[in-house]
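When you read off a place in the sequence shown, starting at 1, and then add 2, the result is the number in the working numbering.
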Amino acid sequence: MAEGVAPASARDIDCHLALGPSFSGEAELQKGYVDYNHQRSAADVDAGLSVNPSAVPPSDRLTAREGRLWLLAVILLLSLAVGLALISWQPIHLLPWRLDALPVGLVLLVSLFGAYAISRWREIAQLRTLVHGLSHQPQSRAEGQVEKLFEMVQRSQRGFRDLIDTFDDALLSLSLEGEILATNRSFADMLGRPFHELVGHRLDEFLELVDGAGFASLQRELLSLLERRHRSGVLRIRLKHEAGSRYFQCTTHALVHEGARRGVCVLARDITTERESEARFKDLFETLQEGIYLADADGQLEDVNPALVRMLGYENRTELLGTPLSEFFVQPEEWETERRQLAESDVVYGHEATLRRSDGSALAALHASALIRDTAGRVRRRQGTLVDITERRQIETRLRREQEFAQRLVESFPDLVVALDPEGRYTFVSPRSRELLGLSPEELIGSLFSERVEPLSCKDVQAFLDSIISGQCSNGSTEFLARRSDGETRLFRATASPLMDLSGRIAGVIAAVRDTTDSKRMEQQLIQSERLAAMGQMIAGVAHELNNPLTAVLGVTELLRDSTGDDSARRQLEIAHRQARRAAQIVQSLLTFSRPPQPRKICLNLSELIQRSLQLHEHSLRSNSITVDFSAPPDLPLILGDASQLTQVFLNLIANAEQAIREIRDHGTLCIRVSRAAERVVATFQDDGAGIRREILPKIFDPFFTTKRPGRGTGLGLSICLAILREHNGEIEAQPISQGGSLFTTWLPIARGTALFLAESRDGAVGSSSKEISKEAAAAVTNATPGGNPKPFFLFMSGELAAAAVTEQLAQAGAQTIQKPFRISDLVTILADALDKSSSGAPHVSPVN
Numbered sequence: 003m004a005e006g007v008a009p010a011s012a013r014d015i016d017c018h019l020a021l022g023p024s025f026s027g028e029a030e031l032q033k034g035y036v037d038y039n040h041q042r043s044a045a046d047v048d049a050g051l052s053v054n055p056s057a058v059p060p061s062d063r064l065t066a067r068e069g070r071l072w073l074l075a076v077i078l079l080l081s082l083a084v085g086l087a088l089i090s091w092q093p094i095h096l097l098p099w100r101l102d103a104l105p106v107g108l109v110l111l112v113s114l115f116g117a118y119a120i121s122r123w124r125e126i127a128q129l130r131t132l133v134h135g136l137s138h139q140p141q142s143r144a145e146g147q148v149e150k151l152f153e154m155v156q157r158s159q160r161g162f163r164d165l166i167d168t169f170d171d172a173l174l175s176l177s178l179e180g181e182i183l184a185t186n187r188s189f190a191d192m193l194g195r196p197f198h199e200l201v202g203h204r205l206d207e208f209l210e211l212v213d214g215a216g217f218a219s220l221q222r223e224l225l226s227l228l229e230r231r232h233r234s235g236v237l238r239i240r241l242k243h244e245a246g247s248r249y250f251q252c253t254t255h256a257l258v259h260e261g262a263r264r265g266v267c268v269l270a271r272d273i274t275t276e277r278e279s280e281a282r283f284k285d286l287f288e289t290l291q292e293g294i295y296l297a298d299a300d301g302q303l304e305d306v307n308p309a310l311v312r313m314l315g316y317e318n319r320t321e322l323l324g325t326p327l328s329e330f331f332v333q334p335e336e337w338e339t340e341r342r343q344l345a346e347s348d349v350v351y352g353h354e355a356t357l358r359r360s361d362g363s364a365l366a367a368l369h370a371s372a373l374i375r376d377t378a379g380r381v382r383r384r385q386g387t388l389v390d391i392t393e394r395r396q397i398e399t400r401l402r403r404e405q406e407f408a409q410r411l412v413e414s415f416p417d418l419v420v421a422l423d424p425e426g427r428y429t430f431v432s433p434r435s436r437e438l439l440g441l442s443p444e445e446l447i448g449s450l451f452s453e454r455v456e457p458l459s460c461k462d463v464q465a466f467l468d469s470i471i472s473g474q475c476s477n478g479s480t481e482f483l484a485r486r487s488d489g490e491t492r493l494f495r496a497t498a499s500p501l502m503d504l505s506g507r508i509a510g511v512i513a514a515v516r517d518t519t520d521s522k523r524m525e526q527q528l529i530q531s532e533r534l535a536a537m538g539q540m541i542a543g544v545a546h547e548l549n550n551p552l553t554a555v556l557g558v559t560e561l562l563r564d565s566t567g568d569d570s571a572r573r574q575l576e577i578a579h580r581q582a583r584r585a586a587q588i589v590q591s592l593l594t595f596s597r598p599p600q601p602r603k604i605c606l607n608l609s610e611l612i613q614r615s616l617q618l619h620e621h622s623l624r625s626n627s628i629t630v631d632f633s634a635p636p637d638l639p640l641i642l643g644d645a646s647q648l649t650q651v652f653l654n655l656i657a658n659a660e661q662a663i664r665e666i667r668d669h670g671t672l673c674i675r676v677s678r679a680a681e682r683v684v685a686t687f688q689d690d691g692a693g694i695r696r697e698i699l700p701k702i703f704d705p706f707f708t709t710k711r712p713g714r715g716t717g718l719g720l721s722i723c724l725a726i727l728r729e730h731n732g733e734i735e736a737q738p739i740s741q742g743g744s745l746f747t748t749w750l751p752i753a754r755g756t757a758l759f760l761a762e763s764r765d766g767a768v769g770s771s772s773k774e775i776s777k778e779a780a781a782a783v784t785n786a787t788p789g790g791n792p793k794p795f796f797l798f799m800s801g802e803l804a805a806a807a808v809t810e811q812l813a814q815a816g817a818q819t820i821q822k823p824f825r826i827s828d829l830v831t832i833l834a835d836a837l838d839k840s841s842s843g844a845p846h847v848s849p850v851n
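Take a look at the structure:
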């Protein structure tokens, strides 16, 4: 007999045929054949198929029992397959792998087995026909047919055994006492034993239930099975030849023969790997800090992990189960957008959503979800993850604000800010590069810092950068010459310090670069001005001290020259007097150089003054195609001011308008209007040029503030204009125009003086009327009697340079001035004139030194 065929009694041949490898073959067939021959009648040998009418022929009984056996076997296997498929369907769907086709495959496999069994049944039918024919033939022929019958039975038995041995699952038949009646190769390989060591032995000799108590627990399982006839589930079993335990998905059926339960048929699948994977998945599901959820096709939550419970602020997961996922979205449009994307692609990654926590607060989350479909394409469930990014979003917002602040700070910084790598290449350049170098940051990134440095300064700059990068200097500055994009060479000053990486190592240099060309020039001019001022003070002091002795020398030499009778002495005195006069002229020149004359304010017509300023700038305006629209009323009142200074103000405003127009076009219009506003004269200068940005409007009158690129303006023009107008008690204002351009407005007060009339008349009525008329003319009137009480005459002698305005004012007051050193003849002439003008008596002369 073949290995794996267990001995069995004749009454159980139908059960063993169903199990294949347990079919015992020759013994049962011989016994049935002998019984059959004893029942035959000797007279029936020649007649063929005649049977004893009082008993059922053995062939009929065999056919009936065989039919029941085949039917039972097919139904048993098909029910096993269908039951296993139904039981495994839901657990397979819960697994992360796509094993939906496994139950269907099992049913197909059983169907194939049924087809195979039917073909074998036909072979047995042929054997039955052969046996039936043997009963009508001589004994010698029957022996050959029996051998052929046994050969066919053995072949069929091997086919059944080979079929069952192809099962990957363990298949075994047990008696009610737990004895192994038959099994397949998968179970034998699992235990590592041959068939003859398994068949006839109790099952508890090879394995035990981990949660049971040996054979007693196994006996209880068998009794439970006998009551229900069918059972399926997962058992944890420990094989005695192994240290660990295994999990088996078991499906058991009771073997019933003629209404009596004879044993148990067990189909066991090793699911240890799946259980371990499930355990790992569950541990991962429970311990992940990201929220995980499982939902049905409609979005109702079926399971969530603890992280999601904490994330949404709930106490336990039961509060979330059954809740629609859409209820947690603060903005319904976010849910609808994600739902549409998910329906199109089945997977959505990195979708940011705002969720609602249990306390109503908002939660920023990164959502990833996927749809799980069955083989028919229907959505079975939905699963996804949620990552709390609230803190990250806050950090990103704070970081963006800091970056925005840093960017605005760098952009508003007056200096050029650059970052260099260890090789001296630009890695960052602020927008100021356009003003300082005439190049955009994009044009400088990646180029060497030394490329635009003049050769004269290149060595010093490289040494300075090397000291910063090597760590020898933590902070320092240097001056160097560099070229602009237009070829102009400018003087720059760079202040630099090391740039550190995250590990604290020097990764480059960060520097602030300032154009110091104009400030350096102004510094030199200031130094020169201070030197000149100091020199002027010294010269003024020296000149003042020299004027007194020179006055004496001039006076004495002149007196001696005029009084002496000696011609030789007169000539010598003339030479001395002439040289003293020359020295006096030199002193006067030094005084003029050290102290320029003060502004002279006179009554001016502002309209004429502006027209003269336009004439001075006419050529430049005409060459730049700028049209001037000037308008002023003819009866404009006069103002009091210095013509030279006010001309400087108007020339500056005209030049600024011209430059603003040239920035945006090659032609333009300058509109100038002069008018009276209350007690002031107003002049407006409106151009259609580039205009003034409102953010810089408060700073345009500040000293050294300019919107022009370096070299095109010092930033002092408007500040000087403001100073001059304030000195004249005037004002200036600037404002942008919405259509483009700018408007400058100046105000200057109308000239208002107090006239003094001296009314003298012997007739009191005439004097009184003159006084009243003068009051109507806003003049102060003083009555005087004829020739009475004359005022003293003042003569001012000064060694300093007197201003023309002061001299004129003194002259109007009736006083005279004489500059030291003076000649005696000049002094005598002035005194004589004063005596001639006096109408009564000698005037009281008061010389003022």
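Cβ atoms here follow ideal geometry from the backbone N, Cα and C, with glycine treated the same way. These numbers were taken from a predicted model, which means no experiment stands behind them.
Looking at the structure shown, is residue i part of a helix, part of a strand, or coil, going by DSSP?
| i | result |
| --- | --- |
| Val266 | strand |
| Leu422 | strand |
| Ile588 | helix |
| Gly85 | helix |
| Cys460 | helix |
| Ala817 | coil |
| Asp928 | Examination of residue 928 is not possible in this model, given that the chain is present from 3 through 851 alone. |
| Ala245 | coil |
| Phe482 | strand |
| Gly235 | strand |
| Gly180 | coil |
| Val847 | Summary for Val847: the model assigns pLDDT 43, below 50, so the residue's position carries little reliability; its value from the coordinates is reported in the next sentence. In this structure, Val847 counts as strand in the three-state DSSP scheme. |
What span of residues does the alpha helix (DSSP H) with residue i cover, start to end?
| i | result |
| --- | --- |
| Leu608 | Leu608 to Leu618 |
| Ser721 | Gly719 to Glu729 |
| Thr1 | Here the chain has residues from 3 to 851 only, and residue 1 is not among them. |
| Leu501 | Segment Thr491 to Met502 is the beta strand (DSSP E) holding Leu501; no alpha helix (DSSP H) there. |
When the distance is taken between beta carbons, is residue j closer than 8 Å to residue i?
| i | j | result |
| --- | --- | --- |
| Ile239 | Leu269 | no |
| His669 | Ile628 | yes |
| Val431 | Leu446 | yes |
| Gly235 | Leu205 | no |
| Val511 | Leu418 | no |
| Ala366 | Arg395 | yes |
| Lys701 | Asp644 | no |
| Lys461 | Leu493 | no |
| Gly691 | Ile674 | no |
| Leu750 | His730 | yes |
| Asp390 | Met313 | yes |
| Arg682 | Leu638 | no |
| Leu458 | Leu483 | yes |
| Ala75 | Ala119 | yes |
| Met556 | Ala586 | Reading off the sequence shown, one finds Leu at residue 556, where the question assumed Met. Taking 8 Å as the Cβ cut-off, Leu556 and Ala586 qualify as a contacting pair. |
Check for me: the beta strand (DSSP E) holding residue i runs from which residue to which?
| i | result |
| --- | --- |
| Leu745 | Ser744 to Pro751 |
| Arg196 | Arg is not the amino acid found at residue 196; the sequence shown has Pro there. Counting along the chain, Pro196 falls outside any beta strand (DSSP E), and DSSP gives it neither H nor E. |
| Leu211 | Leu209 to Leu211 |
| Leu257 | Arg248 to His259 |
| Pro738 | Glu733 to Pro738 |
Quick check: is the beta carbon of residue i nearer than 8 Å to any beta carbon in chain B?
| i | result |
| --- | --- |
| Gly386 | Any reference to chain B falls outside this structure, which holds one protein chain only. |
Which whole runs of the beta strand (DSSP E) in the region 342-407 are 3 residues long or more, in chain order?
349-358, 364-375 and 381-390
Threshold first: 4 residues or longer. Then list the alpha helix (DSSP H) segments lying entirely within the region 274-345, N to C.
274-289 and 308-313
Are the region 519-532 and the region 547-555 touching by the rule of at least three beta carbon pairs closer than 8 Å?
no
Specify whether the region 323-337 and the region 297-305 touch according to this definition: at least 3 beta carbon pairs, one from each stretch, less than 8 Å apart.
yes
Check whether the region 190-202 touches the region 240-250, counting contact only when three or more Cβ pairs, one atom from each stretch, lie closer than 8 Å.
yes
Is the number of C-beta pairs between the region 272-291 and the region 353-362 that are closer than 8 Å three or more?
no
Below 8 Å, can you find three or more Cβ-Cβ pairs linking the region 613-620 to the region 649-658?
yes
Considering only residues of the region 516-586, which uninterrupted alpha helix (DSSP H) runs meet the minimum length of 4 residues and lie entirely inside it, listed in chain order?
519-565
Output the residue ranges of the alpha helix (DSSP H) runs that lie fully inside the region 643-692 and measure 4 residues or longer, sorted by chain position.
645-666
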